[in-house]
Structures are given as structure tokens and as C-alpha cells.
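K.L.:
In the order they appear, the protein sequences are chains A and B. So the first sequence is residues 53 to 409, counted in my numbering. So the second sequence is residues 9 to 358, counted in my numbering.
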Amino acid sequence: MRGHEIRLEQVCVRFGAVTAVEPTDLTIEAGEFFSILGPSGCGKTTLLRVVSGFLSPSEGRVLIGGRDLTATGPAERPTAMIFQSLALFPQMTVWENVAFGLEARGVDKATRKRRAEELLALVALAEHAGKRPSELSGGQRQRVAIARALAVEPAVLLLDEPLSALDLKLRQHMRAELKAIQRRTGVTFIYITHDQGEALAMSDRIAVMSKGRIEQVATPDGLYATPATPFVATFVGEQNVAEGTIAAIDSGIATLDTPLGRLSGRLIGKAAAGARARLMVRPERLHHAAHVAPTPNTLSAAFARRDLEGPVEMLVFDLDGAQWSIHRQNHGETPRTGPVELAFATEDAMVFAEATP
Amino acid sequence: MSGPSDLVRIYGRAFAAACWLLVFGWFTLLVLVPQVTMVDQSLWRMEQPKDAAQLTLDIDRLYNDLSVMKLDRADAPADKQAALDARIAETQAAIREMETRETQPRKVYGPENYTRMSGLHAEIFLRTLAFAALTTLIALVVCYPIACAAAFAGKATTTAVILTALTIPYAINELLRTYAFLMVLDYRGVINTALSWIGIIDLDRDQAIPFLESQAAVFAGLVYAYVLFMVFPIYNALESLDKSQIEAARDLGASSLRTHWRVIIPHAKPGLAVGSIMVFMLSAGSYAVPRILSRGLGGDWFTQLIYRQFFDAHNWNIGSAYSVALLIACLVFVALVMKITRVGLKDMVR
């Protein structure tokens with residue numbers, strides 16, 4: 053099994069007057085684990101349905117493995133879909149489910165059964181072949197769905213939020229499992245999710261979508277460290293945000309006048325002095341002023357509360373009309389209340405100018 | 009399951025008791041009493057004494073004896089009169105008893121009402137069951153695509169239009185509906201008129217197609233009359249199907265036929281079973297439709313036979329037996345359908 057490359061050229065989907073996907077160009081490499089991340093209603097599922105063939109794009113072309121398959125139905129495409137509800141057939145046994153694609157292709161029963169058993173072994177379900185899907189646990193059902201999709205030897209596997217019904221522990225376990233199956237088979241995975249944790253953990257590359265448009269395509273690290281747009285910056289990970297007016301720009305560093313004081317950060321994109329802008333600092337980049345080297349970016353704050361998250365803790369501070377937080381290792385105790393000085397390094401802050409109207 | 013039922017918890021004891029009382033009353037009055045009466049009625053008959061002729065002779069002889077005795081008594085001395093009076097009274101009592109036996113048949117319990125069904129009646133019985141089964145099959149074939157169209161229309165308005173269009177004829181009384189259908193199929197009905205318009209037949213040269221002379225008219229009428237009872241259960245079952253199962257089947261390369269056979273029909277089984285049972289029972293028990301549409305030309309339906317036993321032959325016992333036989337046949341059909349489709353009672357009430 054080898055993955056195929058997928059190219060979308062100016063793909064656009066409109067439902068009546070509503071545009072679900074704006075004209076989009078996207079190339080997904082062969083054998084890549086590619087995620088499309090976005091809030092619900094951003095058009096990510098629509099885009100997946102275009103790739104699967106359940107939906108014809110209003111405009112544009114879909115190329116899979118170099119072939120133009122825009123007008124081809126889902127059955128004839130070298131893709132297989134794993135649905136959000138998994139869509140296992142409840143009246144069939146596990147192995148019949150897995151073998152269904154082969155049954156549809158007219159493969160004889162003995163071959164079908166052998167192939168299903170091989171695939172069930174791949175997902176460690178060999179001993180459950182004769183059961184019904186309803187007799188399996190959520191994670192096992194998940195793996196049956198994967199085996200069923202892999203049975204037709206697809207070059208591309210399309211996954212529509214398949215982990216959303218599982219509980220946290222199982223979800224984390226299945227992430228590793230999906231990644232391993234992808235590596236083992238070499239199939240191109242396109243994974244749809246609204247969960248940034250899943251996308252960051254599994255993907256080779258991630259596309260972040262908002263309102264029908266792809267905002268940025270990058271590796272997980274690239275996405276987190278250098279978001280291209282304010283949407284990506286706030287949607288992936290968390291941010292402390294201050295709004296203000298750009299006072300000066302000097303070799304890529306913008307200085308803002310904000311209600312919290314005069315603050316500087318790296319300017320992303322282009323802007324001119326006097327423009328409205330937002331400065332963002334990730335909670336793990338914000339510190340007590342006493343713990344870091346002197347910086348021009350200091351803030352007076354009052355400690356509000358501490359949220360413990362196991363190995364890490366979140367300290368929340370009241371600033372003048374805003375709440376900022378520090379994300380740091382668990383110190384094992386709640387700091388005393390009262391005024392404190394917070395600080396961050398200029399290179400740790402990002403400044404996004406607001407689009408000029 | 010222990011503790012108070014949901015009914016008690018939600019409505020309190022008094023209301024729950026009232027509910028159960030109503031259910032009990034309903035069950036007793038509408039289910040138990042009529043059926044038990046019918047079964048009882050079917051198990052007895054009035055029997056004329058077997059020795060009726062001999063009895064008449066015996067009575068005549070006793071009357072002769074009585075006359076003789078009365079003459080004897082008129083001439084008898086006073087001391088023998090009392091003895092003769094006693095004998096006269098004895099004979100009169102015997103006559104009365106024999107006369108009662110002669111004029112009032114005895115009520116005898118036994119299975120004869122069932123076993124004495126004539127060959128012709130048995131044939132009609134079996135034919136009715138076969139025809140009802142055939143009607144069910146036709147309804148199944150006609151209604152499954154309609155139900156699919158309604159369930160998978162994709163747009164709520166389309167579904168609403170289809171279901172409303174199916175329901176509208178049911179706002180009209182069954183008899184009127186059947187007569188309307190009669191007008192469609194009649195010699196100079198809608199279909200024949202339409203055919204003569206486009207020149208396929210000539211009504212004036214008696215070329216009308218005699219739809220009403222064939223059993224097909226009754227089948228068509230029954231399917232038309234009961235289509236809703238088949239469509240709605242199937243529609244309900246299909247409605248609950250996770251549509252992504254259909255997409256999954258398609259995605260895996262299954263043809264439309266295979267998707268129906270392996271995914272949609274197995275899911276719709278309880279609906280198919282309920283619909284089949286309803287249409288079978290209603291068709292087998294239908295009186296008006298075969299009576300009106302066949303007009304005596306297409307042979308009797310068993311229900312017409314039952315009607316005649318009750319109201320023409322005035323033999324309520326045979327009528328009851330025939331009714332019970334039909335009921336049992338229907339129950340057997342229900343059991344058979346449930347066995348074939350492997351659908352339990354609990355699946356059907358889902």
C-alpha cells in the first residue's frame with residue numbers, strides 16, 4: 053500500500069448563496085499525515101467530502117495521485133472514509149464489516165474472510181472477528197472502522213473526527229495507534245478535527261481553516277511557534293492578548309501603546325505606525341518579573357487564582373481590565389495574593405496589525 | 009426492575025391506578041370478552057335429536073294411550089279413578105317431556121363447526137389467505153421505494169409532501185375511497201376512457217378492458233386501501249438509519265442494490281415485518297373492498313362467507329367458527345413473519 057498525493061486546485065463549494073469553502077489551493081504529499089483543523093462550521097468536513105467524492109466542488113479540480121478525479125464518485129476513488137459515527141453495519145459481524153468492501157468487489161468468501169482476519173490482526177482484534185460491533189468497546193469499534201477502510205487498499209484514508217466519541221484516555225491511546233497504522237501502511241491520511249491537541253500530536257502538517265478559508269498550512273511546531281494570522285495564533289494554543297495602537301516599528305519590532313502600558317513584540321505581517329494592533333504572549337512565555345532578565349515589557353498585576361492541571365499549573369492574574377495567565381510547571385502551592393510584576397521578552401510576543409478597512 | 013414504575017413516579021399513585029384500571033377495562037371489554045364469546049359461540053351447536061322420527065311416533069302412541077285412559081276413567085268405578093288419574097298425569101308428563109325434546113334441540117359442545125367446513129368453503133378460506141399474502145407482497149414491493157423516497161429525500165419539505173400525499177386519501181371513508189377506485193377501473197372508468205382517447209381501444213365497440221372482472225382489481229384496491237399501513241412502519245424504521253452507513257457502503261464500492269440488501273433492508277426489518285403483518289391482517293379481514301370491486305364476479309373472499317353465515321344463514325355458530333379460524337390463520341402468519349425476519353415483539357414496538 054502506498055499513499056497518493058492530493059492536489060486541490062481552486063476548489064470552491066457553494067450551497068445556494070452560502071459559500072462553504074472559498075476557492076482553495078492545497079497540496080497534500082503522498083504518505084503524509086495531514087490534519088485539517090478548525091472550529092465547527094469552518095468548512096473542514098465539506099472539504100473532506102469533496103476529496104472523498106460525496107460532494108462535487110462548485111468550481112475547481114481534485115487531483116488524486118496525479119489523476120483528475122473531480123467527476124468521479126466515491127466508490128471509484130482510491131479513497132476510503134472513516135465517518136464520525138464510524139457507520140459500522142450493526143447487523144453484520146466484525147469480519148463481515150471489514151470484508152464488506154471486498155464483498156462489493158465480488159471477492160469470494162474464503163479470500164474475504166482471510167483478508168479480514170489479516171486486517172483484524174493488524175488492529176489487534178483477531179479474536180473478535182465473529183462478534184457484532186455492538187459487543188465491542190468504543191476503541192475496538194474504532195479499530196474495526198479503520199480495518200474496514202483499509203480492506204479496500206485505499207491510497208488515501210479520510211478521517212472525519214473519528215475520535216470525538218471516545219473518552220480522553222482512549223483518545224490519547226488511539227492517537228498513537230492511528231499514527232502507527234499510518235506509518236506502517238504508508239497511506240496518506242487526511243484527518244479532520246476541531247481538537248488542536250489531536251492535530252498537533254499526530255500530524256506531519258496541519259491546515260488551519262476558518263470561515264471556509266485555509267489560514268495557514270504548517271508543521272505542528274511551525275504552527276505553534278510562528279502563526280501566520282491572529283486567528284491561528286489564538287485558535288492553536290492559548291494567548292494573553294492586549295489591544296493597542298502601534299507607536300513605533302523598528303526592524304521588525306513593533307511597540308504598542310496599550311491600556312496595560314507600552315509593550316513590544318515581533319511584528320507579523322506588515323503595518324504602519326498609528327494602526328490598531330493586537331499583541332499576544334503565550335502563557336508559558338509570561339513570567340514573574342523577578343525571575344527573568346530585565347525587559348521593557350513589564351506589567352503590574354494582581355494574582356487572582358491558580359488552576360492546577362496536574363504536571364503544570366495556570367496562574368491567573370487581574371490586569372487593568374484584562375486577565376492574563378502564566379503557564380508553568382506545578383509548584384505545588386498557591387502563591388499569596390497581592391500585587392506582582394509580570395514580564396515577557398520582546399521576541400516572545402507577537403503583534404498582529406488589524407486589517408485596514 | 010423493582011420499585012415503583014415510571015408511571016407512579018411521574019403521575020403519582022392515584023393517576024397511575026386510574027391508568028391501569030383503564031388498561032384493564034379496555035383489555036377486558038375490547039379484547040377478552042369479544043374473543044371469548046366468539047370462541048365459545050364457535051364451539052357449540054344446536055342439535056336436533058337423532059331419533060326424531062321415532063320420537064314423533066312414540067308421542068302419537070302416547071296420545072292414543074291417553075285417549076284410551078281418559079275413556080277408561082269415565083267408565084271406571086270410584087275406587088279405581090284415583091289410580092287412573094295418576095297414570096293419566098304420568099303419561100301427560102311423558103308427552104310434555106318428549107315434545108320438548110322434539111321441538112327444542114339440545115346445545116352440544118364439540119369441534120364440529122370447524123371440522124364440518126365444506127370443500128368449497130375450505131377452498132375459499134385458503135384462497136383468501138393466499139390472496140392476502142399476495143396483496144402483502146405487492147404492497148411490500150410498492151411501498152418500500154415510496155418509504156425510501158420519503159426517508160432519504162434529504163429535504164424536509166419533500167418528505168412532508170410525500171407523506172401528506174399518502175395521508176390525504178385516508179381523510180375519506182374507506183367505502184367512498186373504494187367506490188372512487190371502482191370508478192377508475194370501471195368499463196367506462198377513468199383508465200378505459202383515457203385509453204380510448206389515445207385510441208388504443210374503442211369503447212363503442214365494447215373493447216373496454218374488464219379490469220373489474222379479474223382478481224387484480226381486488227389486489228390493486230387492497231394495496232390502495234392499506235398502502236399507508238405499510239409505508240409508515242417502513243418509513244419510521246428507515247428514518248432511524250444512520251445515513252452515514254449508506255455513505256460508508258457507497259464509499260466501500262457497494263452497488264445500490266447491495267446497499268439496500270445488506271445495509272438498509274436489515275435495518276428496516278422491524279418496519280417491514282410490522283407493515284406486512286398489518287396489511288395481511290387488514291386484507292384477509294377486508295369485507296368492503298373485495299365485495300365492491302369484484303361485485304360477485306371475481307369469487308368470494310372468506311369475509312363475505314362469514315358475513316353470510318351470520319346474516320343470511322343465521323348460523324352464528326358456524327360464523328363464529330369461521331371468524332376464529334381466520335383469526336388463527338392471521339396469528340400463524342404473524343408468527344411466521346416474525347420467525348422469517350427474526351424480529352421479536354420488542355423490536356416491533358421500538
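Think of the CB as a built atom: it goes at the ideal place given N, C-alpha and C, for glycine as much as any other residue.
1) Assuming the contact rule is C-beta atoms closer than 8 Å, residue 56 of chain A and residue 151 of chain A should be a hit. Round their C-beta distance to whole Å, please.
2) Closer than 8 Å is the cut-off here; do at least three beta carbon pairs connect the stretch 289-301 of chain B with the stretch 175-195 of chain A?
3) What three-state label does DSSP hand residue 28 of chain B in the structure shown?
4) Quick one: which residues of the stretch 171-204 of chain A get their C-beta closer than 9 Å to a C-beta of chain B? List them in chain order.
5) Quick one: using the 10 Å Cβ neighbour count with 16 as the cut-off for buried, is residue 248 of chain A buried or exposed?
6) Looking only at C-alpha atoms, which of B/195, B/154, B/258, B/216 sits nearest to residue 154 of chain A?
7) Is the stretch 229-239 of chain B touching the stretch 67-84 of chain A in the sense that three or more CB pairs, one from each, lie closer than 8 Å?
8) Taking 9 Å as the CB-CB cut-off, is residue 271 of chain B touching chain A?
9) How do the stretch 171-186 of chain A and the stretch 197-211 of chain A stand: do at least 3 beta-carbon pairs fall below 8 Å, yes or no?
10) Using 10 angstroms around the beta-carbon of residue 273 of chain A, count the other beta-carbons present and answer buried if the total reaches 16, otherwise exposed.
11) Looking at C-alpha atoms only, which residue of A/351, A/385, A/342 is the closest neighbour of residue 363 of chain A?
12) Taking a contact to mean a Cβ-Cβ separation below 9 Å, would you say residue 135 of chain B touches residue 310 of chain B in this structure?
13) Could you tell me whether the Cβ of residue 261 of chain B comes closer than 9 Å to any Cβ of chain A?
14) Whether or not the stretch 105-122 of chain A and the stretch 56-71 of chain A are in contact is what I'm after, with contact meaning three or more pairs of Cβ atoms, one per stretch, closer than 8 Å; do they touch?
15) Can you tell me whether residue 292 of chain A is helix, strand or coil according to DSSP?
16) Under 9 Å, do residue 156 of chain A and residue 197 of chain A count as touching if we go by C-beta distance?
17) Helix or strand or just coil, what does DSSP make of residue 357 of chain B?
18) Would you call residue 53 of chain A buried or exposed, if buried means 16 or more other Cβ atoms sit within 10 Å of its Cβ?
19) Alpha helix (DSSP H) containing residue 94 of chain A: first to last residue?
20) Is residue 282 of chain A buried or exposed, if buried means 16 or more other CB atoms sit within 10 Å of its CB?
21) I'd like to check one pair, residue 333 of chain A with residue 261 of chain A: are the Cβ atoms closer than 9 Å?
22) Among B/108, B/283, B/216, which has the Cα closest to the Cα of residue 231 of chain B?
23) Put residue 88 of chain B into one of helix, strand or coil per three-state DSSP.
24) When the Cα of residue 80 of chain B is compared with those of B/152, B/92, B/181, B/71, which residue comes out closest?
25) Can you check whether the C-beta of residue 268 of chain B is within less than 9 Å of a C-beta belonging to chain A?
26) Please list the residues of the stretch 274-308 of chain B that have a C-beta atom closer than 8 Å to any C-beta atom in chain A, keeping them in chain order.
27) Between the stretch 124-157 of chain A and chain B, which residues of the former have CB atoms less than 7 Å from a CB of the latter, in chain order?
28) Find the residues of chain B that neighbour residue 104 of chain A, judging by a C-beta separation of less than 9 Å, and give them in chain order.
29) Quick check on the DSSP output: the beta strand (DSSP E) that includes residue 350 of chain B runs from which residue to which?
30) Check the Cβ-Cβ distances between residue 248 of chain B and every residue of chain A, and say whether any is below 9 Å.
31) Evaluate the contact criterion for the stretch 54-68 of chain B versus the stretch 124-133 of chain B: three or more CB pairs, one atom per stretch, below 8 Å.
32) Please name the residues in the stretch 126-148 of chain B whose beta-carbon is closer than 8 Å to at least one beta-carbon of chain A, in chain order.
33) Straight-line CA distance for residue 168 of chain A to residue 354 of chain B?
34) Closest Cβ-Cβ distance between residue 204 of chain B and chain A: below 9 Å?
35) For residue 252 of chain B, return the contacting residues in chain A, with the cut-off set at a CB-CB distance below 7 Å.
36) Within the same chain, show all residues whose beta-carbon is closer than 8 Å to that of residue 266 of chain B, passing over the 5 residues directly before and after it, in chain order.
P.N.:
Per the coordinate set shown:
1) In this structure, residue 56 of chain A and residue 151 of chain A do not form a Cβ contact; the two beta carbons are roughly 24 Å apart against a cut-off of 8 Å.
2) At 8 Å Cβ cutoff, the stretches do not touch.
3) Helix, per DSSP.
4) 197, 200, 201, 203, 204
5) So residue 248 of chain A ends up on the buried side.
6) B/258
7) no
8) yes
9) yes
10) Burial call: exposed.
11) A/385
12) yes
13) yes
14) Segments in contact, yes.
15) Residue 292 of chain A: strand per DSSP, three-state reduction.
16) Not a contact, by the Cβ cut-off of 9 Å.
17) coil
18) Only weak support is given to the placement of residue 53 of chain A: the predicted model assigns it a pLDDT of 49, under 50, and the value that follows is read from those uncertain coordinates. Residue 53 of chain A comes out exposed.
19) Note, residue 94 of chain A: premise wrong, no alpha helix (DSSP H); not H, not E.
20) buried
21) no
22) B/283
23) Residue 88 of chain B carries a helical assignment under DSSP once its states are collapsed to helix, strand and coil.
24) B/92
25) no
26) Of all residues in the stretch 274-308 of chain B, 274, 275 have a Cβ within less than 8 Å of some Cβ in chain A.
27) 126, 127, 132, 133, 135, 137, 139, 141, 143, 152, 153, 156, 157
28) Here the neighbours are 255, 259.
29) That residue, residue 350 of chain B, is in no beta strand (DSSP E); it is neither H nor E in DSSP.
30) no
31) no
32) none
33) 33 Å
34) no
35) 135, 137, 139
36) 257
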